[in-house]
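Novice:
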Amino acid sequence: MKNKIALKLLAFFGAALVLFALVSSLLFSTLFTRAVLDNKKRDMLRSARSLAAMLEGSLTNNGGMRGLGGPGGRFGSMVSLLTQTQDSIWVLNDQLEFLSAGRMMGKTLTYESLPPDAERLVREVYEGGSPFSEGFSELMGYPSLTVGVPLLEGGQVVGALLMHDAVSGLDEAAAQGQTILFVSGGVALLLAVALSAFLSFGFTRPIQQIEASAKRRAQGDYLSRTGVELNNEIGTLARSLDALGDELQSASLQKAREEQQRNDFLASVAHELRTPVAVLRGSLEALNDGLVKNEDQSEYHSQMLKETQSLQRLVNDLMELARLQNTDFPITKSPLTLQEVVNEALRAAQRLADSKGINLQREMASEPIGFSGDYARLRQMLLIVLDNAVKYSQKGTEISLALEASSITIMDQGPGIAKEDLPHLFDRFRSARAEPGREGSGLGLAIARQIALRHGMGIRITSEEGEGTKVEFTW
1 MKNKIALKLL AFFGAALVLF ALVSSLLFST LFTRAVLDNK KRDMLRSARS
51 LAAMLEGSLT NNGGMRGLGG PGGRFGSMVS LLTQTQDSIW VLNDQLEFLS
101 AGRMMGKTLT YESLPPDAER LVREVYEGGS PFSEGFSELM GYPSLTVGVP
151 LLEGGQVVGA LLMHDAVSGL DEAAAQGQTI LFVSGGVALL LAVALSAFLS
201 FGFTRPIQQI EASAKRRAQG DYLSRTGVEL NNEIGTLARS LDALGDELQS
251 ASLQKAREEQ QRNDFLASVA HELRTPVAVL RGSLEALNDG LVKNEDQSEY
301 HSQMLKETQS LQRLVNDLME LARLQNTDFP ITKSPLTLQE VVNEALRAAQ
351 RLADSKGINL QREMASEPIG FSGDYARLRQ MLLIVLDNAV KYSQKGTEIS
401 LALEASSITI MDQGPGIAKE DLPHLFDRFR SARAEPGREG SGLGLAIARQ
451 IALRHGMGIR ITSEEGEGTK VEFTW
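At position 98 of the sequence shown (counting the first as 1) the number is 98 in our numbering, and the numbers step up by one without a gap.
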């Protein structure tokens, strides 16, 4: 099923938003109701204190309280006026006795009519507090809130003023607030779900692009690109996948080249074997059929021996190259002096050079150059290059070898090598300077390169046609 991640993300976002909305509505309902109630209490307290201050002023002008049963003069008139015009205002003493006619819905109230919470409320007022109570709701006949404030005379509490007010409007205000919250929350939830859907599908779109690109790579299209350009973890993943594709493409090309080289190698081996095998077979058939005269048999035998020697050289060189290319094949290294190796290789090449009248020149470093390597392999490496130099040089020319602290350079005055052939000189069975009747397997430079690599040396060949060739070993 497509877009599974997007749907899961959308479900997670939706669940989180619904939970947030529920928690928010619950907190809002509680806090809003409390805030409205607190505002109601502040308003009632302010009004009650204003009325208490007015009554306290009439007490001062009236000369104080007269008797336990109630006040007289101006104070009594004001209390009577307030309590008769507003059933919600009562004035009591510390014995819960009304200092004026307590009335409620046209009926006169007595001590027995008061709720149990009235005593606590009046006691707290006489202690100097301004308490609130909801215990008068049953007496009032509707949900109500009562506040009590002290009446002071000369710093002493001489009475308690109680003010009642309905709280039914609080529930209505809270309900109205919740309605607004639910409507706005529902709209916000719809918008949030739409935004969540957009973000969820936008989040999974790059993943789908990466998946499609991976499938194309699995089918062999390694250069396929994800097309994702993001500066986050998904962008990093996409770039890594693109880089992997480049590496797979390079590996694929390298594999194709190696396969082609293997095929070329097998073809070259078959070609190299075909000629001597054909010569041997032809000679043997002629001898077997009695077509060769006795005096010519010696020549046939010599030719067959020569071809077998050529085959032996080819097989030996192939085995030698295979051993050198195997990193597990050990090379015995020991401390040596490069001057000794160079002199030994020059002595071996001197015999071939003398037969062509070629002069071998040498330039040696004055100080002994120490080196850790395989003496026989290093001699073989130098002898391969010297043998090629002698083989392709004209009679009477000169070959020079220069040994320095970090290099060995061999130069000849031969015909040179074409520019297009230089990159392939180390290929097996490759020779760019063929000459009629040359002997060799075409593996010499490949073997020399492997010996150099196993000794940590670099080998570089530079040449121009008609200008000779230079082979340089560096370390």
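Virtual Cβ for every residue (Gly too), placed ideally from N, Cα, C.
Alpha carbon to alpha carbon, what distance is there between L31 and V180?
Specialist: Here residue 180 refers to the residue found at position 180 of the sequence shown. Here residue 31 refers to the residue found at position 31 of the sequence shown. The identity of residue 180 in the sequence shown is Ile, whereas the question assumes Val. Whole-angstrom Cα-Cα distance: 15 Å.
Novice: Using the beta-carbon count (16 or more within 10 Å), is H164 buried or exposed?
Specialist: Translated into positions along the sequence shown, residue 164 becomes position 164. In the assembly as shown, H164 is a buried residue. Its beta-carbon has 16 or more other beta-carbons within 10 Å.
Novice: My assumption, with CB atoms under 8 Å, is that S393 sits in contact with I358. Please give the rounded CB distance.
Specialist: Here residue 393 corresponds to residue number 393 of the sequence shown, with the count starting at 1. Here residue 358 corresponds to residue number 358 of the sequence shown, with the count starting at 1. Contact annotation, S393 with I358: C-beta distance approximately 6 Å; criterion of less than 8 Å satisfied.
Novice: Taking the alpha carbon of E467 as the point to measure from, which residue in G370, M411, L223 has its own alpha carbon closest?
Specialist: If you number the sequence shown from 1, residue 467 lands on position 467. For the residues G370, M411, L223, the minimum Cα distance to E467 belongs to M411.
Novice: Can you give me the Cβ contacts of V390 inside the same chain, cut-off strictly under 7 Å, excluding the 5 residues immediately before and after it?
Specialist: As a working note, residue 390 is residue 390 in the sequence shown. A349, L352, A353, K356, I358, I399.
Novice: Given L425, which residues of its chain have a CB within under 8 Å of its CB, disregarding the five upstream and five downstream residues?
Specialist: Position 425 of the sequence shown, counted from the start, is the residue given in the question as residue 425. Correct list, in chain order: I417, A432, L445, I461.
Novice: Please classify E127 as buried or exposed, where buried requires at least 16 neighbouring CB atoms within 10 angstroms.
Specialist: One-based indexing of the sequence shown puts residue 127 at position 127. Exposed.
Novice: Counting along the chain, where does the beta strand (DSSP E) carrying Q156 start and finish?
Specialist: If you number the sequence shown from 1, residue 156 lands on position 156. Segment 156-166, the beta strand (DSSP E) holding Q156.
Novice: Output the boundary residues of the alpha helix (DSSP H) element that contains V341.
Specialist: Within the sequence shown, residue 341 is the residue found at index 341, counting from 1. First-last of the alpha helix (DSSP H) with V341: 338-355.
Novice: What do you reckon, are the CB atoms on A166 and P131 nearer than 8 Å?
Specialist: For the purposes of this step, residue 166 is taken as the residue at position 166 of the sequence shown. For the purposes of this step, residue 131 is taken as the residue at position 131 of the sequence shown. Result no, Cβ atoms of A166 and P131 do not sit closer than 8 Å.
Novice: For R42, tell me which candidate among A118, A11, Q95, L145 has the shortest Cα-Cα distance.
Specialist: On the sequence shown, position 42 is the one that residue 42 refers to. The option with the nearest alpha carbon to R42 is L145.
Novice: Just the Cα atoms here: how many angstroms apart are F473 and E404?
Specialist: Residue numbering aside, residue 473 sits at position 473 when the sequence shown is read from its first letter. Residue numbering aside, residue 404 sits at position 404 when the sequence shown is read from its first letter. If you take the alpha carbons of F473 and E404, they lie about 10 Å apart.
Novice: Name the DSSP beta bridge partners of E172, please?
Specialist: The count along the sequence shown starts at 1 and reaches residue 172 at position 172. DSSP lists no partner for E172.
Novice: Ends of the alpha helix (DSSP H) at L121?
Specialist: Looking up residue 121 in the sequence shown gives position 121. Boundaries of the alpha helix (DSSP H) harbouring L121: 117-126, taken from the DSSP string.
Novice: In three-state terms, what does DSSP make of V228?
Specialist: In the sequence shown, the residue the question calls residue 228 occupies position 228. Three-state DSSP puts V228 in coil, outside helix and strand.
Novice: With a 10 Å radius around its C-beta and 16 neighbouring C-beta atoms as the bar for buried, classify S133 as buried or exposed.
Specialist: Stepping through the sequence shown from its first residue, residue 133 is reached at position 133. Residue environment for S133: buried (at least 16 other C-beta atoms within 10 angstroms of its C-beta).
Novice: Could you please give me the residues that DSSP links to F12 through a beta bridge?
Specialist: Residue mapping note: residue 12 aligns to position 12 of the sequence shown, counting from 1. Per DSSP, none; premise fails for F12.
Novice: Output the distance between the C-alpha atoms of L17 and I207, rounded to the nearest integer angstrom.
Specialist: Start at 1 with the first residue of the sequence shown, and residue 17 comes out as number 17. Start at 1 with the first residue of the sequence shown, and residue 207 comes out as number 207. Using only the alpha carbons, I get a separation of about 25 Å.
Novice: With DSSP as the reference, please indicate the residues paired to G370 in a beta bridge.
Specialist: Reading the sequence shown from its first residue, position 370 is the one you call residue 370. In DSSP, G370 forms a bridge with T337.
Novice: Does DSSP put N359 in a helix, a strand or coil?
Specialist: On the sequence shown, position 359 is the one that residue 359 refers to. N359: strand per DSSP, three-state reduction.
Novice: Only counting the same chain, and skipping five residues up and downstream in sequence, which positions put a Cβ closer than 6 Å to that of T332?
Specialist: The count along the sequence shown starts at 1 and reaches residue 332 at position 332. Non-local C-beta neighbours of T332 in its own chain, meaning closer than 6 Å and more than five positions away in sequence, comprise D374, ordered along the chain.
Novice: Give every residue of the same chain whose Cβ lies closer than 6 Å to the Cβ of G458, excluding the five residues on either side of it in the sequence, and list them in chain order.
Specialist: Translated into the one-based positions of the sequence shown, residue 458 becomes position 458. Closer than 6 Å at Cβ, skipping near neighbours: T474.
Novice: If you check the beta carbons only, do L338 and F371 fall under 8 Å apart?
Specialist: Counting from 1 along the sequence shown, the entry for residue 338 is found at position 338. Counting from 1 along the sequence shown, the entry for residue 371 is found at position 371. Cβ distance < 8 Å, so L338 and F371 count as in contact.
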